[in-house]
Amino acid sequence: MEQFTDIFADLKSPDTSVRFAALQRIEEIGLSPEQQALLSRIMESERDSNLRFQMQKIIAGISIGKEKLRGDDIVSLINIPGRDEMKLALMLESVKKNNASEVRDALRLSNWTKFSSKLIPSVLKFFKKHGDKTDSDNIAAMFKCSDMRVITSAIEALERLNPELLKKHLVALLVNPNLGIRARAIRLISIWDPPEAMRHFEQLLFSSSKEEKNVALFQSFFFPFPQIESLMLRFISLENDQELIKKAAVVFMANPDKQIPIKLMEIRQTCQGVKHTLIDAIMKGVLDSLFKAGIVNVEPEKMLEMLERHFKEKQIKLFVEHFASGLRSSDPEVRLKSALKLFDAARAEIPGVRELLEKYCEKEPEKMVREKILSLLHFKKDDEVSAKKDYFSLEENERLQVLSEVDKDTFKE
Numbered sequence: 009m010e011q012f013t014d015i016f017a018d019l020k021s022p023d024t025s026v027r028f029a030a031l032q033r034i035e036e037i038g039l040s041p042e043q044q045a046l047l048s049r050i051m052e053s054e055r056d057s058n059l060r061f062q063m064q065k066i067i068a069g070i071s072i073g074k075e076k077l078r079g080d081d082i083v084s085l086i087n088i089p090g091r092d093e094m095k096l097a098l099m100l101e102s103v104k105k106n107n108a109s110e111v112r113d114a115l116r117l118s119n120w121t122k123f124s125s126k127l128i129p130s131v132l133k134f135f136k137k138h139g140d141k142t143d144s145d146n147i148a149a150m151f152k153c154s155d156m157r158v159i160t161s162a163i164e165a166l167e168r169l170n171p172e173l174l175k176k177h178l179v180a181l182l183v184n185p186n187l188g189i190r191a192r193a194i195r196l197i198s199i200w201d202p203p204e205a206m207r208h209f210e211q212l213l214f215s216s217s218k219e220e221k222n223v224a225l226f227q228s229f230f231f232p233f234p235q236i237e238s239l240m241l242r243f244i245s246l247e248n249d250q251e252l253i254k255k256a257a258v259v260f261m262a263n264p265d266k267q268i269p270i271k272l273m274e275i276r277q278t279c280q281g282v283k284h285t286l287i288d289a290i291m292k293g294v295l296d297s298l299f300k301a302g303i304v305n306v307e308p309e310k311m312l313e314m315l316e317r318h319f320k321e322k323q324i325k326l327f328v329e330h331f332a333s334g335l336r337s338s339d340p341e342v343r344l345k346s347a348l349k350l351f352d353a354a355r356a357e358i359p360g361v362r363e364l365l366e367k368y369c370e371k372e373p374e375k376m377v378r379e380k381i382l383s384l385l386h387f388k389k390d391d392e393v394s395a396k397k398d399y400f401s402l403e404e405n406e407r408l409q410v411l412s413e414v415d416k417d418t419f420k421e
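The numbering of the sequence shown is the numbering used here, which starts it at 9 and goes up by one.
Written out as structure tokens, the structure is:
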């Protein structure tokens, strides 16, 4: 059901190539009576006549799909000048292997490249299934057509029948005025030249045009996720459009990876308000996908707690390393500020930090700096210090509390 929700959402896309791709997916998986009724309602508002024809064909195909077809009936219809295009389209897409050769011969003799743009996609779909390399040149000629459905169907047919010929047309397809065709060409380039495809994909994804970003996100489902992971992470870290972030979220949840949640946590750290909430939701969605896919066997809520602790401990480690390097500065003021920051960690009983400061004070050349830090270190009474639990002996919730106390301004949620 969730799959159909996504498909019907794509049917509302402003991009015709996205709507056409959604219809192709519907043809592959079929419709329930309720979904058929929904498609009929969507068809009423579809402005593109060729896409509306496609919708009509899907609905009509459901009712006649089980009829037995004879090859000579299809051949007769091919040769009638004033043919019923809907009927022929449905017949061509229902041809069985035993009738394919006579239908194929009839099409080759019929000058099918002159058929209407409504009918040609069904012809190309037939050739994709029953054609051979000898049909390649006529199929490639369809790239000059202005109709996106025709070009897309020609790409799919050549991809199966003659990939090398398709490769020769990719440069022209990359400059096609239709955004969806350009995006499809980028996806094809990834077969032969992945780095080049990623450059084109990146241009779309980080375009100033929301339409181009939408198309890039749609195409992202067809790339191997490892190829686009870094780009997608950068996208959600920079993007502020809530709708686009939510679309990107689906890509992450559809490709669960154990390393992604901690990377999302790092991005969340830099966000505020609504975006912080959105990134948090993506992270939880990925954790849920990991658990459902059996990639991890820890409940999402428990896994989140573990990751939160690991992340904060990692941040504390980086915090200590950063300000420890400041102690080596030639500027006394920088050394003092760094030491004061480290004292925050020592006060929270982060292991090793107090010892680090004590050792540093032995070598600090400036008396003022040395005395300031020593006075802070020895301010607590011995019994107060000894009563404090060691950090690693604390319960998990107590440990998180300690971590949250260290330099709140630097590590705020």
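C-beta atoms are modelled at their ideal positions from N, C-alpha and C, and glycine is treated no differently.
With respect to the C-alpha of residue 111, the residue from 96, 122, 123 having the closest C-alpha is 96.
Boundaries of the alpha helix (DSSP H) harbouring residue 281: 281-300, taken from the DSSP string. Within a 10 Å sphere around the beta-carbon of residue 386 sit fewer than 16 other beta-carbons, which makes this residue exposed.
For secondary structure counted as the alpha helix (DSSP H) over 4 or more consecutive residues, the region 150-219 holds these complete runs in sequence order: 156-169, 171-176, 178-182, 187-200, 202-213. Taken atom to atom, the span from the alpha-carbon of residue 213 to that of residue 169 is near 31 Å. For the pair of segments examined, the region 214-227 was found to touch the region 251-263: the number of CB pairs separated by less than 8 Å reaches three. The beta carbon of residue 204 is closer than 8 Å to those of 197 in its chain, skipping five residues each way along the sequence. Taken through DSSP and simplified to helix, strand or coil, residue 338 comes out as coil. The straight-line gap separating the alpha-carbon atoms of residue 127 and residue 208 is approximately 32 Å.
In the DSSP annotation of this structure, residue 232 is not part of any alpha helix (DSSP H), being labelled neither H nor E. Here residue 276 is buried. Its C-beta has 16 or more other C-beta atoms within 10 Å. Short of 7 Å from the beta carbon of residue 23, and not among the five residues preceding or following it, lie these beta carbons of its own chain, in chain order: 187, 188, 219, 222, 223. A direct Cα-to-Cα measurement between residue 91 and residue 84 gives close to 9 Å. In this structure, DSSP gives residue 374 a state outside helix and strand, which the three-state scheme calls coil.
Apart from sequence neighbours up to five positions away, the residues of its chain that approach residue 68 with a beta-carbon distance below 7 Å are 94, 98, ordered along the chain. Closest option to residue 88, judged by alpha-carbon separation, among 233, 145, 118: 118.
7 Å or more divides the Cβ of residue 177 from the Cβ of residue 135.
Taking C-alpha positions only, residue 241 is separated from residue 211 by approximately 15 Å. Taken through DSSP and simplified to helix, strand or coil, residue 80 comes out as helix. Boundaries of the alpha helix (DSSP H) around residue 24: 24-37.
Counting every other CB atom within 10 Å of its CB across the protein chains shown gives residue 320 a total of 16 or more, marking it as buried.
In this structure, DSSP gives residue 21 a state outside helix and strand, which the three-state scheme calls coil.
For the set 28, 382, 194, the Cα lying nearest the Cα of residue 57 is the one of 28.
Comparing alpha carbon positions, the residue from 182, 138, 140 closest to residue 159 is 182.
303 is the residue among 191, 303, 37, 251 whose C-alpha sits nearest the C-alpha of residue 263.
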